[in-house]
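The structure appears right after this line, and notes come after that.
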Amino acid sequence: PPSVVGIDPAGKLPTVYSYSLGVQRDLGKGTMLDVAYVGNEQRHLSQQINQNYVPYGACFTQAAQDPGNAGFGPGNVQPETWEPAAWSAAGFQYLGDRCLQSNELARYQGYGTITHLTFDGVANYNSLQVQLNRRFGHGLKFGGAYTYSKTMDTTDGDGGWVNTISQKKYNYQIAGFDRPQILAVNYIYQMPKLSNYMGHSRLLGLLTDNYEVSGISQFI
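In the working numbering, the protein residues as written are 309 to 528.
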């Protein structure tokens, strides 16, 4: 078959542990401050690895070189003048650009990708969240929320592809959707009735009174 798909028989259920600790304080004049730590730990997330990968470093070995690909010196070795210092220091005699095709170097020849779905993925979220809200009074209401956070994971999506050798070493990093700082502000302000300062004219009041300014602003 061109491809094979397998699933970890352990079949662990994806799990999320959430926790938070918050402190609220009344600052007076209808204003409330809320400061909280919010976080979670995610375990057994689904991810995929390719079991039919080409072993790392295979293209730098003599056995992987393509005899039909010209450019080799005596003994099927590339001339020393072609080798960068980093290659020589690592003990390689080949640049890796003249090796056999990947399907000839795969662990299980004759197969394409062998997908293995596992439940080893991890992720976590930690944040400081601050909210400040003022109840409506004297024509003004406003609120603000600021979050300082960090999200780490081995893959950004359900069933994402990860490194076959070590997901913890090569895939555990800051998430692609991480937004470390977010500020949101909302406000409502009732404009003064201008007719009160201009003879209390009802006709004028229809044009100048009962207006308000409101908005939501976000900074990410």
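Ideal Cβ placement from N, Cα and C applies to all residues, glycine included.
Along the alpha helix (DSSP H) that carries K458, what are the first and last residues, could you check?
Taken as a continuous stretch (DSSP letters only), K458 belongs to no alpha helix (DSSP H), being part of the beta strand (DSSP E) at 448 to 461.
May I have the straight-line CA-CA distance separating T462 from V438, to the nearest angstrom?
Each residue's Cα considered, the two are about 28 Å apart.
Based on DSSP bridge pairs, tell me the residues matched to T369.
According to DSSP, T369 bridges with nothing at all.
Looking at the unbroken beta strand (DSSP E) that takes in N434, where does it start and where does it end?
It spans 422 to 445 - the beta strand (DSSP E) in which N434 sits, taken as one unbroken run.
Can you tell me whether P382 is buried or exposed, with buried defined as 16 or more other CB within 10 angstroms of its CB?
With a pLDDT of only 48 at P382, under the threshold of 50, the placement of this residue in the model should not be trusted; the figure read from the coordinates follows. It counts as exposed.
Per DSSP, which residues does A394 bridge with? Please list them.
Paired residues: none, contrary to the question.
Rounded to whole angstroms, how far is the Cβ of D405 from the Cβ of Q355, which I believe are closer than 8 Å?
Not confirmed; about 31 Å, so no contact.
Ends of the alpha helix (DSSP H) at T516?
Here the alpha helix (DSSP H) through T516 covers 510 to 516.
How many Å lie between G319 and L425 at the Cα?
Cα to Cα, the separation comes out at about 10 Å.
Would a C-beta distance cut-off of 8 Å place N377 and Y419 closer than the cut-off?
No, the pair does not count as a contact, with Cβ atoms beyond the cut-off.
At the level of alpha carbons, what is the spacing between Y364 and A414?
Cα to Cα, Y364 sits roughly 11 Å from A414.
With 16 other CB atoms within 10 Å as the buried threshold, where does Q409 fall?
Label assigned to Q409: exposed.
How about the region 480 to 492 and the region 509 to 521: do they share at least three Cβ pairs that are nearer than 8 Å?
Segments in contact, no.
If distances are taken between C-alpha atoms only, which option among T369, N434, K477, I357 comes closest to W469?
The residue with the shortest Cα to Cα distance from W469 is I357.
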